[in-house]
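The structure appears below as structure tokens.
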Amino acid sequence: MDLSHMLQDLQQGKAPEEGHSPAEPDTLLSRPVAEVLLHVQEKLKAPGLTTEQSGAILHIVEQLFRLGDRHWLFSECCSNQSTDLTREYVDFVSSLTLYAALPLCDNDSGTLPESSFEATPARACVVSSVVLALVQRLGNGGEAVSSHCQATTWVFLTGPLAPLLCVFALTHMQEQAWTSEASRKAASNLLDSVVQAGDWETTSQLLFGKHNTERQPGVLGSILEILQSDLKRDSWKRNQATKHVFAWILMQVGRPWLTDYLEKVFPPSLLMSDDYCIDNQVLGVRCLNHIVLNVPAADLCQYNRAQVLYHALFNHLYTSEPQLIEVVLPCLIDLLPVLEKDPACTGLPRKPNRYDEVLRLTLTHMEMEHKLALRSVYSKFLEHLIEKMGIVIVRHLKRLERVIIGYLEISDGPEEQTRLAILDALEKTLLIAWPRMECRLSALVQSLLRLLCDLSTESIPPAVREELVTKATHCLLLLDHCTQGKVKMLLKDVDSSCTSTYVLRCIETVTIAQR
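This is the structure:
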């Protein structure tokens with residue numbers, strides 16, 4: 001069946017049938033392409049249209065883009081004269097994306113059951129095929145075209161059409177409840193085709209544009225404009241995909257481009273982090289951390305953004321959700337240098353600041369925490385916080401000592417992530433605050449020797465046990481250096497007949513070491 005027959009069937013609202021011979025085969029081809037696109041939109045909006053019927057219509061449109069005359073499709077002369085083709089194609093693509101859009105959520109949770117998305121993957125596949133055909137024709141598809149047609153192509157791709165296609169592709173490209181393997185693959189192919197058709201080399205070039213050229217500007221600003229209306233306080237939960245599309249786009253933007261879009265990305269990220277849903281909070285904090293790492297300190301401090309962010313993150317430290325603490329602590333550690341001077345360079349006397357606030361609250365929670373998952377998360381970032389604080393860690397040594405000793409006593413599983421992280425924190429403390437270690441020598445040596453004894457009776461993978469023994473031995477060696485050999489004196493009192501091989505090996509390593 002040729003293209004004219006399919007277009008005649010489209011006008012009559014029929015699916016294509018073999019052997020069908022229309023009376024006026026060129027009825028639609030003789031009209032401007034804008035009328036054909038509008039006709040398709042009206043057909044898709046017809047009440048009672050079944051999935052099979054709409055699929056048949058979209059299949060015909062796909063063939064229209066693949067086989068139709070390029071001059072008729074894209075040239076603004078002849079039958080398309082006095083027609084804003086860019087606006088017509090934008091409206092058409094918008095209607096197609098709405099056909100495959102997610103159902104809106106009207107409840108406060110912002111989450112719909114998976115059954116609500118049963119038809120979405122199939123629709124996304126069909127729409128992806130249609131717009132892929134359009135993009136491939138816009139990208140010439142190997143055809144020789146005139147310079148006028150090539151110029152029109154650039155208008156389509158760098159104007160409002162490319163951002164719409166990117167948002168659609170990103171909506172259906174991520175692994176979510178509304179996507180399937182087929183729809184994700186189709187959306188990914190579509191995004192790759194947009195990049196290729198626009199003569200960009202990577203997705204980053206698509207977003208930011210090519211360096212030192214005005215011919216191919218990026219579409220990042222236009223994408224954020226499209227998302228803005230769905231990222232307001234009263235609307236960001238209605239479409240489940242919007243936050244994921246926003247986060248994906250944001251994570252692609254680094255220095256120096258992110259600064260130019262700070263006013264558009266900071267409020268939505270803060271809004272998501274302030275939600276009551278843990279998943280939204282985690283996503284929002286990840287976005288905020290990316291902003292902190294990729295925006296200069298001066299821009300973050302402008303309009304008190306950094307202070308607002310600090311208070312929002314500090315309040316999250318009171319949560320008992322491990323997955324949230326795991327993103328909040330590194331974000332705070334990255335934010336503190338923006339708000340405070342390096343503790344090693346603040347002059348004398350060194351006054352307590354936000355570093356002390358964060359560490360004090362963290363140690364308080366660590367000391368009282370009994371959940372293994374939370375203990376593991378806290379200990380994971382303790383070393384980084386100690387390193388950032390430097391010598392001012394001496395203000396917190398008393399509580400830090402209690403935390404270290406308490407965490408070394410309890411195993412958290414075969415991988416022993418908590419104990420390994422606490423030993424790293426102890427090592428960092430010994431390297432930084434070594435002049436204050438002599439008064440804590442007895443307690444720390446006893447704790448490390450008790451750990452070595454426990455390792456001989458606990459069921460731990462050999463590689464993990466060996467790593468623990470190595471780190472504990474290294475901490476004892478550092479303690480010995482800090483105290484001018486006093487650890488050796490204490491180890492002489494250990495009864496070798498009542499100790500495990502790990503303790504004996506450690507004692508031997510420490511005693512023969514040269515200061």
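Here the UniProt record's numbering is used: the first residue of the sequence shown is 1, the next is one more, and so on. For glycine and all other residues, C-beta sits at the position ideal for the given N, C-alpha and C. Nothing here was measured: the structure is a model prediction, and the numbers come from that model.
Could you compute how far the alpha carbon of residue i sits from the alpha carbon of residue j?
i, j, result
"Thr-203", "Glu-62", "25 Å"
"Gly-413", "Ala-101", "45 Å"
"Asp-84", "Ala-122", "31 Å"
"Cys-506", "Met-437", "20 Å"
"Met-1", "Val-90", "Reliability fails at Met-1, whose pLDDT of 39 lies under 50, so the model's placement of it is uncertain and the value that follows must be treated cautiously. Approximately 29 Å between the Cα atoms of the pair."
"Glu-467", "Asp-424", "11 Å"
"Ser-95", "Gln-41", "7 Å"
"Asp-69", "Ala-247", "39 Å"
"His-481", "Ala-513", "10 Å"
"Cys-125", "Leu-270", "33 Å"
"Val-510", "Val-494", "13 Å"
"Met-173", "Tyr-261", "24 Å"
"Tyr-407", "Ala-187", "48 Å"
"Val-503", "Thr-473", "9 Å"
"Glu-508", "Trp-434", "23 Å"
"Glu-225", "Ala-56", "33 Å"
"Glu-88", "Leu-300", "41 Å"
"residue 527", "Glu-401", "Because the chain spans 1 through 515 in this model, residue 527 falls outside it and cannot be assessed."
"Ser-456", "Val-487", "22 Å"
"Asp-274", "Lys-492", "56 Å"
"Ala-463", "Thr-319", "34 Å"
"Lys-351", "Glu-340", "11 Å"
"Asp-454", "Lys-210", "60 Å"
"Glu-458", "Lys-185", "48 Å"
"Asp-342", "Gly-221", "35 Å"
Find out if the Cβ-Cβ distance for the pair residue i, residue j is shorter than 8 Å.
i, j, result
"Leu-476", "Leu-441", "no"
"Val-219", "Ala-169", "no"
"Tyr-355", "Val-392", "yes"
"Arg-238", "Leu-104", "yes"
"Leu-324", "Gln-281", "yes"
"Leu-112", "Gln-240", "yes"
"Gln-136", "Ala-197", "yes"
"Phe-65", "Val-130", "yes"
"Ala-177", "Phe-117", "yes"
"Arg-395", "Leu-363", "no"
"Cys-331", "Asn-294", "no"
"Leu-385", "Val-358", "yes"
"Met-272", "Leu-258", "no"
"Trp-200", "Leu-206", "yes"
"Glu-383", "Ala-443", "no"
"Met-389", "Tyr-378", "no"
"residue 524", "Glu-369", "The structure shown does not extend to residue 524, since the chain is modelled only from 1 to 515, so the question has no answer here."
"Ile-223", "Ile-249", "yes"
"Ser-54", "Leu-44", "yes"
"Pro-322", "Ala-373", "yes"
"Thr-97", "Leu-164", "yes"
Compare the Cα-Cα distances from residue i to each of the options and report the closest residue.
i, options, result
"Leu-231", "Ala-101, His-244, Leu-220", "His-244"
"Tyr-310", "Asp-299, Gly-48, Leu-324, Asp-334", "Asp-334"
"Leu-426", "Leu-448, Asp-412, Thr-259", "Leu-448"
"Ser-500", "Leu-452, Tyr-303, Ile-226", "Leu-452"
"Ala-306", "Ala-186, Ser-115, Val-338", "Val-338"
"Ile-460", "Leu-336, Glu-416, Val-445, Leu-490", "Glu-416"
"Arg-286", "Pro-296, Pro-268, Leu-300", "Pro-268"
"Gln-446", "Ala-119, Ala-463, Ile-404, Ala-133", "Ile-404"
"residue 529", "Ile-278, Arg-184, His-59", "Outside the displayed range of the chain (1 to 515) lies residue 529, so it cannot be described from this structure."
"Pro-167", "Leu-227, Ile-410, Ala-34", "It is Val, not Pro, that sits at residue 167 in the sequence shown. Ranking Leu-227, Ile-410, Ala-34 by Cα distance to Val-167 puts Leu-227 first."
"Leu-430", "Val-469, Arg-465, Thr-483, Ile-410", "Thr-483"
"Thr-50", "Ser-456, Ser-180, Tyr-99", "Tyr-99"
"Leu-67", "Asp-106, Ser-115, Glu-114, Ala-133", "Ala-133"
"Phe-266", "Tyr-276, Gln-302, Ser-235", "Gln-302"
"Pro-217", "Phe-381, Val-195, Ser-235", "Val-195"
"Leu-58", "Asp-342, Ser-128, Thr-179", "Ser-128"
Starting from residue i, trace the alpha helix (DSSP H) in both directions and tell me its first and last residue.
i, result
"Tyr-303", "Taken as a continuous stretch (DSSP letters only), Tyr-303 belongs to no alpha helix (DSSP H), as it is neither H nor E."
"Gln-63", "51-67"
"Arg-238", "Here Arg-238 belongs to no alpha helix (DSSP H), and DSSP marks it neither H nor E."
"Glu-438", "First-last for Glu-438: undefined, no H or E at that position."
"Ala-463", "462-482"
"Arg-137", "120-138"
"Gln-41", "33-44"
"Pro-163", "161-173"
Write down every uninterrupted run of the alpha helix (DSSP H) in the stretch 307-360 whose length is 4 residues or greater and which is fully enclosed by it, in chain order. Runs of the alpha helix (DSSP H) lying entirely within the stretch 307-360, each at least 4 residues long, are 322-339 in chain order.
Identify every run of the alpha helix (DSSP H) within the stretch 188-215, keeping only runs that are complete inside it and at least 4 residues long; order them along the chain. Counting whole runs of 4 or more residues, the stretch 188-215 contains the alpha helix (DSSP H) stretches 203-208.
Please specify which runs of the alpha helix (DSSP H), each continuous and at least 4 residues long, are wholly inside the stretch 368-435, giving them in chain order. The qualifying runs are 372-389, 397-409, 417-432.
What are the uninterrupted segments assigned as alpha helix (DSSP H) that are 4 or more residues long and contained completely in the stretch 259-300, given in chain order? Runs of the alpha helix (DSSP H) spanning 4 or more residues and lying entirely within the stretch 259-300 occur at 262-273, 278-294, in chain order.
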